[in-house]
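Numbering (our numbering), first residue to last: 12 to 245.
This report concerns only the one structure given below.
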C-alpha cells in the first residue's frame, strides 16, 4: 500500500513538473495548414521558447498581464503569438499563429499600398488621413483609451491628437508568402501582449495520412530554426 502511494505521489509530481515546464519554459505546437510552406508543413511539431522575449504571465480575466525580463522581437524572428482576430475572449485564449517578424517599432511597412509606421512606446506616429482609422482602432482595442474620428480629426479621451503615442510596442508579421495573406495584411499590427515566444526547434514531423508506425517524416527532426537570409545576401 505504501509503495503504491509513493508511486502515485511521484506520478503527480512528475505531471505537475511537466505542466509547469510547458507553461513557463517551452511549449510544443503543431503546425497546421500551408501558411509557412515550404519551410514548415502541416504536421510539424515545433518548440517555442517562452523566455525569448520575456516570460508572459497573466492577461486573463483574473491576473494582469506581466512580462518578466522582457526583450524586443527582432526582424526575421519566427514568432508564435495569439492571433488578434477576435476581441470577444481574453487574448491568451485566442488561436496561436506563427509568422516572421518583418516590422518592429519605428519601421515603415506597406499595407494596401499605404506606408504605415509601426507604433511603439518610443515612437510617436504623426496622424494622417491614411493612418487615422488604424490608430483609432489601436487606441480602442489595445490601449484602453476612448478614441473616435470626428470631422476628420482623431479624438482621444476627448482631445484632438495629431501625434499618436502608445503604451505598447507593436509588430508587423508576414507569412513569407505573397499568396498567403493570413498575416498582418489581414489582422494588422500585433501588440506585444499577444507575443508568446520564438519558434526555436523543429522537433519532429508527422504525416497524418500514413499509419502511426510509419507516419514520422524522415529528415524533419531536431532542427534548429534560423533566421531567413536577407534578400540579396550571399
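The beta carbon of each residue, even a glycine, is placed where N, CA and C say it ideally should be.
Between the Cα of residue 109 and the Cα atoms of 214, 162, 217, 185, which residue gives the shortest distance?
-> Your numbering for residue 109 matches position 98 in the chain shown. Closest option to residue 109, Cα to Cα, is 185.
Give every residue of the same chain whose Cβ lies closer than 8 Å to the Cβ of residue 80, excluding the five residues on either side of it in the sequence, and list them in chain order.
-> Along the chain shown, read from residue 1 onward, the residue named residue 80 stands at position 69. The beta carbon of residue 80 sits closer than 8 Å to the beta carbons of 62, 65, 66 from its chain, once the five residues preceding and following it are set aside; these are given in chain order.
For residue 226, the first and last residue of its enclosing alpha helix (DSSP H) = Counted from its first residue, the chain shown places residue 226 at position 215. Element bounds for residue 226: n/a, residue is neither H nor E.
Cα-Cα separation, residue 173 to residue 130 | For the purposes of this step, residue 173 is taken as residue 162 along the chain shown, with counting starting at 1. For the purposes of this step, residue 130 is taken as residue 119 along the chain shown, with counting starting at 1. Note on geometry: alpha-carbon atoms of residue 173 and residue 130 lie some 14 Å from one another.
So, is residue 113 buried or exposed, given that buried needs 16 or more other C-beta atoms within 10 angstroms?
-> Within the chain shown, numbered from 1, the residue matching residue 113 stands at position 102. Counting the other CB atoms within 10 Å of its CB gives residue 113 a total of 16 or more, which places it among the buried residues.
Start-to-end residues for the beta strand (DSSP E) that takes in residue 93 = Sequence index remark: in the chain shown, residue 93 carries index 82 (1-based). Taken as a continuous stretch (DSSP letters only), the beta strand (DSSP E) holding residue 93 covers 89-93.
Neighbourhood of residue 56 by C-beta, 8 Å cutoff - its chain only, sequence neighbours within 5 removed = The residue you call residue 56 lines up with position 45 of the chain shown. For residue 56, same chain residues with a beta-carbon under 8 Å away, outside a window of 5 residues either side, are 39, 40, 41, 42, 213, 214, 215, 216, 217 in chain order.
Spatially closest choice to residue 87 from 51, 115, 96, 124, by CA coordinates = Taking the first residue of the chain shown as 1, we reach residue 87 at position 76. Nearest of 51, 115, 96, 124 to residue 87, Cα basis: 115.
According to DSSP, which residues form a beta bridge with residue 77?
-> Locating residue 77 in the chain shown gives position 66, where the first residue counts as 1. Bridge partners of residue 77: 68.
Between which two residues does the alpha helix (DSSP H) carrying residue 232 extend?
-> The residue labelled residue 232 in the question sits at position 221 within the chain shown. First-last for residue 232: undefined, no H or E at that position.
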